[in-house]
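Each remark here refers to the structure printed beneath this line.
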Amino acid sequence: MVNAWYEALVHVFYPSLCYGCNNELIQGDQFICMQCQTELARTQFEIIRNNPVEKLFWGRADIQFAASTFYYIDKTPLQQIIHQIKYRQEKELGIHMGEIMGIHGSALIHAFNIDLCIPMPLHPKKEYKRGYNQASLLCEGKYKQTGIPYNEKALVRNENTRTQTKKSRIERWENVASVFDVDEPIIIKDKHIMLVDDVVTTGASTEACVNVLMQHGAKTVGIYSLAFTL
Ligand SMILES: [Zn+2]
C-alpha cells in the first residue's frame with residue numbers, strides 16, 4: 219500500500235516519458251506508450267519462411283532461418299527507441315525490447331531448438347566507449363522472457379577494421395570476413411545458435427559471423443534482429 223502511494227507520488231513529480239514520442243506515460247505503461255506500441259511495424263517474419271531477411275542471405279551464408287521483429291522505418295517511434303538504446307545509455311529500454319523479441323521470437327526458438335543466443339559483437343573500441351553492447355541487452359531481455367542463455371564472449375571482433383571506403387567490394391568482404399573469430403569453440407560446438415542484432419541492413423557483418431560460427435562447429439545458426447531495413 220505504502221509502495222503504491224509512493225509510486226503514485228513519484229509519478230506526479232517525475233512522470234515517466236515514452237521513449238518513442240516523449241509524451242507522458244500513463245501508469246501501467248512501461249517505456250513505450252500505447253500509441254507508439256501500435257505504430258511499431260511488425261514483420262511477422264518469425265512465421266514466414268523465405269521472408270526478405272532470409273532472402274538477403276541466400277547464397278551468402280548457411281543459415282537455418284532469419285527474421286526481424288519489426289520493420290525499421292525512419293521517423294517512427296522505433297527509430298527513436300533504437301537511438302536511445304545505442305546512444306543514450308538507455309540499457310533498461312534495450313532489455314525491454316529484448317523481452318519483446320523473446321515474446322515474438324519464441325516460435326523460432328521452439329521450431330529450431332535454439333539453445334544459445336549470441337549477440338553480434340561490437341567493435342571493441344565502440345563497446346568500450348559505449349560501455350555495453352546493445353545486442354547483449356537484447357539477449358538479456360530475451361533470456362528473461364524465454365530462459366534461453368546467451369554468451370557475449372562466444373564471438374570476438376578484432377580491432378583491425380581498416381577504413382572501408384577506398385576498398386573494392388571483394389576487399390571489403392575479405393576485410394569484414396577476417397574481423398570475427400571464435401576463441402573457445404567448445405562454447406558453440408553442436409549448438410543451435412540464434413545470432414542476435416539490433417538492425418540488419420546489408421548483412422555483411424552478420425554473414426561473416428554466421429560463417430565463422432559454422433566453421434568452428436556450431437550445429438545450426440539462425441539470425442534474429444530487432445529491426446530490418448527495407
Ligand atoms: Zn509514445
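The sequence shown begins at 219 in my numbering and counts up one residue at a time.
Quick reminder that beta carbons are idealized off the backbone N, C-alpha and C, glycines included.
Quick check: does the Cβ of residue i come within less than 7 Å of any heavy atom belonging to ligand 1?
i      : result
Gly320 : no
Gln248 : no
Cys427 : no
Run through the DSSP bridge pairs and tell me what residue i is partnered with.
i      : result
Ile318 : None, per the DSSP bridge assignment.
Arg375 : Phe398
Asp416 : Note: Asp416 sits in no beta bridge, so no partner.
His434 : For His434, which the question treats as bridged, DSSP gives no partner whatsoever.
Cys335 : Tyr368 and Met412
Phe455 : A question about residue 455 goes unanswered here, because the residues of the chain that appear run from 219 up to 448.
Ala285 : Tyr442
Tyr290 : Thr447
Leu235 : Glu242
Out of the options, which one is the CA nearest neighbour of residue i?
i      : options                           : result
Leu326 : Lys362, Gln307 and Phe283         : Phe283
Gln248 : Gln262, Arg260, Ala259 and Pro233 : Pro233
Gly449 : Gln307, Val414 and Gln298         : With the chain represented from 219 up to 448, any question about residue 449 goes unanswered, as that position is not in the structure.
Thr438 : Glu345, Ile336, Ser396 and Ser423 : Ile336
Tyr286 : Lys304, Pro295, Leu258 and Gln302 : Residue identity differs from the one stated: residue 286 is Ser in this sequence, not Tyr. Closest by alpha carbon: Leu258.
Ser396 : Thr420, Gln433 and Tyr346         : Gln433
Gly501 : Tyr346, Lys293, Leu356 and Tyr305 : Absent from the structure is residue 501, since the part of the chain shown begins at 219 and ends at 448.
Gly365 : Gln297, Ile332 and Asn240         : Ile332
Glu310 : Lys362, Lys293, Asp280 and His328 : Lys362
Leu334 : Ala372, Glu242 and Ala279         : Ala372
Phe288 : Asp399, Phe275 and Gln255         : Gln255
Glu425 : Leu274, Met252, Cys239 and Cys251 : Leu274
Thr420 : Val394, His410 and Lys407         : Val394
Asn369 : Pro339, Glu345, Phe398 and Tyr346 : Pro339
Gly246 : Gln352, Glu264 and Ala222         : Ala222
Ser423 : Ile266, Val374, Asp408 and Ile303 : Val374
Asp399 : Gly312, Glu377 and Arg348         : Glu377
Asn240 : Ala279, Val271 and Leu296         : Leu296
Gln196 : Thr294, Ser354 and Arg348         : Residue 196 lies beyond the residue range present for the chain, which begins at 219 and ends at 448; the question has no answer from this structure.
Ile406 : Val417, Val418, Asp416 and Pro367 : Pro367
Asp401 : Asp416, Lys343, Glu345 and Cys427 : Cys427
Kindly give me the distance between the Cβ atoms of residue i and residue j, rounded to whole angstroms, as I take these residues to be in contact under 8 Å.
i      : j      : result
Tyr350 : Ile299 : Contact flag wrong, Cβ pair sits at about 16 Å.
Ile281 : Gly435 : Not a contact, Cβ separation roughly 16 Å.
Tyr442 : Met319 : 7 Å
Thr447 : Tyr290 : 5 Å
Gln352 : Ile411 : Actually they are not in contact, since the Cβ atoms of Gln352 and Ile411 sit about 19 Å apart, beyond 8 Å.
With 8 Å set as the bound, which would you pick, yes or no: does the beta-carbon of residue i sit closer than that to a beta-carbon of chain B?
i      : result
Glu345 : Chain labels in this structure do not include chain B; a single protein chain is all it has.
Tell me whether residue i, by its Cβ, gets closer than 7 Å to a heavy atom of ligand 2.
i      : result
Ala325 : The model depicted lacks ligand 2 and carries ligand 1 instead.
Point to revise | Any heavy atom of ligand 1 within less than 5 Å of residue CB: hits in chain order | key: Cys236, Gly238, Cys239, Cys251 and Cys254
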